[in-house]
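Same order as they appear, the protein sequences are chains W and D.
Per our numbering: the first sequence = residues -11 to 99.
Per our numbering: the second sequence = residues 460 to 572.
C-beta: ideal position from N, C-alpha, C; glycine also.
Notes follow once the structure below has been shown.
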Amino acid sequence: KNEVEQSPQNLTAQEGEFITINCSYSVGISALHWLQQHPGGGIVSLFMLSSGKKKHGRLIATINIQEKHSSLHITASHPRDSAVYICAAPYSGGGADGLTFGKGTHLIIQP
Amino acid sequence: DTGVSQNPRHKITKRGQNVTFRCDPISEHNRLYWYRQTLGQGPEFLTYFQNEAQLEKSRLLSDRFSAERPKGSFSTLEIQRTEQGDSAMYLCASSLLTGETQYFGPGTRLLVL
């Protein structure tokens, strides 16, 4: 079973700051997922990436397959970015199965 | 709204009772996944289907849990003889193909008294 570790668990920052959330996993994979969960809300997929970097608006995700490490960055953070950010990797490695999740990073952006 | 629906959204039951949850995935999605999330934790994988075939089950899926996807469309998750430790959010997700983005439903929150 893949083990996924995230850091930090909690992060409070001021509006406008550059945010970085880190994720590492134990078993080689074909793709890693970043997801967002608002309090009391559902889970939304942000990125699925297998190499390099992806960007969507102010969100950037990078992955280093050799290092088994990924980062999620938020530029010009805003209070509406406050949420739990979760990384997830295939449960048994590869890509053909369910996901195993990190415990999430609880992000609070203060105005 | 991701297009994945789950019913009921909330369920309160007494210990020892059986409960059944339903998930309706996005219609053309072949893959359907069940996860469980307890308070303050990330979701945990339970099982997944490729069409009607159940392809993998985690060790969290004890004998009291059973999942079906009889026609390759909607899926049900049944918990028999519920225990207080079963209290959690049960999440369903679907994807078009292997390794594709998973779309999550809103979840069914179960409370076992």
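| Check | Outcome |
| --- | --- |
| If you measure between the beta carbons of D:ARG468 and D:ARG568, is that distance less than 8 Å? | yes |
| Answer yes or no: do W:ALA64 and W:GLY4 have a C-beta to C-beta separation smaller than 8 Å? | yes |
| Among the candidates D:SER486, D:TYR494, D:TYR492, D:THR541, whose CA atom is the shortest distance from the CA of D:SER532? | D:SER486 |
| Listed from N- to C-terminal order along the chain, which residues in the segment 535 to 565 of chain D have their beta-carbon within a distance smaller than 9 Å of any beta-carbon of chain W? | LEU550, ALA552, THR557, GLY558, GLU559, THR560, GLN561, TYR562, PHE563, GLY564, PRO565 |
| For W:ASN(-2), list the residues DSSP reports as bridge partners. | W:HIS94 |
| With contact counted as at least three CB pairs below 8 Å, one residue from each stretch, are the segment 539 to 550 of chain D and the segment 69 to 88 of chain W in contact? | no |
| Confirm, please, whether the CB-CB distance from W:ILE48 to W:LYS41 is below 8 Å. | yes |
| With three or more C-beta pairs closer than 8 Å as the rule, is the segment 461 to 475 of chain D touching the segment -7 to 13 of chain W? | no |
| Does the Cβ-Cβ distance between D:PHE563 and W:ILE31 come in under 8 Å? | yes |
| Just by C-beta distance, which residues in the segment 512 to 528 of chain D are closer than 9 Å to chain W? | LEU514, GLU515, SER517, ARG518 |
| Could you check whether D:PHE508 and D:SER525 sit closer than 8 Å to each other, using their CB atoms as the reference points? | no |
| Using a cut-off of 7 Å between C-beta atoms, extract the partners of D:PHE504 located in chain W. | TYR79, GLY86, LEU87, THR88 |
| Have a look at W:PRO99, W:GLN98, W:GLY90 and flag the residue whose alpha-carbon is nearest the alpha-carbon of W:PRO(-4). | W:GLY90 |
| Flag W:SER(-5) as yes if its beta-carbon sits less than 8 Å from any beta-carbon of chain D, otherwise no. | no |
| When burial is assigned at 16 or more other CB atoms within 10 Å of the CB, is D:THR497 buried or exposed? | exposed |
| Among D:GLU515, D:SER546, D:GLU511, which has the Cα closest to the Cα of D:LYS530? | D:GLU511 |
| In this structure, does DSSP put W:ARG68 in helix, strand or coil? | helix |
| How far does the beta strand (DSSP E) with W:HIS44 in it reach, from first residue to last? | 40 to 44 |
| Identify the contact partners of W:SER33 in chain D, using a Cβ-Cβ distance below 8 Å as the criterion. | THR560, GLN561, TYR562, PHE563 |
| What is the DSSP secondary structure of D:ASP460, counted as helix, strand or coil? | coil |
| Can you name the residues of chain D whose CB is closer than 7 Å to the CB of W:GLY16? | Within 7 Å Cβ-Cβ: nothing; W:GLY16 doesn't reach chain D, min ~14 Å. |
| List the DSSP bridge partners of W:SER59. | W:ASN10, W:THR50 |
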